[in-house]
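Position in the sequence shown counted from 1, then plus 3, gives you the working numbering. Think of the CB as a built atom: it goes at the ideal place given N, C-alpha and C, for glycine as much as any other residue. Have a look at the structure below, then the notes.
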Amino acid sequence: MDMSALPSQHTKKHKEISFTEIMALYDYHPWDGGNNPRIDKITNTLLNLKNSELNRRTPAVNFFTKVLTNPTFGLSRLIDSKSCLASVVPSHSKNNVSPGLLEIIKNISDECSFEKTENLLRRTKTVAKAATGGPRNQQIHLDSIAVTDTSIVQGETVFLFDDITSTGSSLLACKQLLLEAGAARVVMIALGKTYMDH
């Protein structure tokens, strides 16, 4: 498949920060073995962000860094200058976090006034991967993710990032855990949200 010939899509432009809804930047059209007719450049870029090979991941990291800090439509334009925290929804496997998402947060931390901290959330045990048929309910995440240091989150606004969300269960579970640990507010951001055509 010629990736350069794939269609693209416009970034979703948010007018304000939402503390209730998931703020998705793009629609994600699942790869489905390359058989999904809706596959576009964003699908390819999101999959590259998950890639362990730097030569595939780095261009995706750079792309999403530019999107998030774009002065016209990037989320950074909506964040006030008060310092806040950023965290990543942990991967499905124990103690793993997406290196691509961590790199993006590092790249945008100055512009978004994110304090430099370790990831605030840790997967305490491996769970089945949702994308390959694992359960998509919040409870499985509540039972397998922990806040790493509750003292850091006290009274803070946390920007919570995930690469791809479908039902939102992992983002919602992580938001709940952060609020229970003392965070004042949590903003849920997904780079891609699975497109449902029904």
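In the DSSP assignment, no residue is bridged to Y198.
Residue environment analysis places H144 among the buried positions, since at least 16 neighbouring C-beta atoms fall within 10 angstroms of its C-beta. Here R126 is not near S154, since their CB atoms are 8 Å or more apart. Excluding its 5 nearest sequence neighbours in each direction, T14 has C-beta neighbours in its own chain below 6 Å: L28, V70, F76, listed in chain order. Residue pairing from DSSP places F162 in a beta bridge opposite A89, V190. In this structure I107 is in contact with F67, their Cβ atoms being roughly 5 Å apart against a cut-off of 8 Å.
Between the segment 102-118 and the segment 176-185 there are fewer than three inter-stretch CB-CB distances shorter than 8 Å, so the stretches are not counted as touching. The beta carbon of I42 sits closer than 6 Å to those of H32, all from its chain and outside the five residues before and after it, given in chain order. Non-local C-beta neighbours of S116 in its own chain, meaning closer than 7 Å and more than five positions away in sequence, comprise I82, S84, K85, S86, C87, ordered along the chain.
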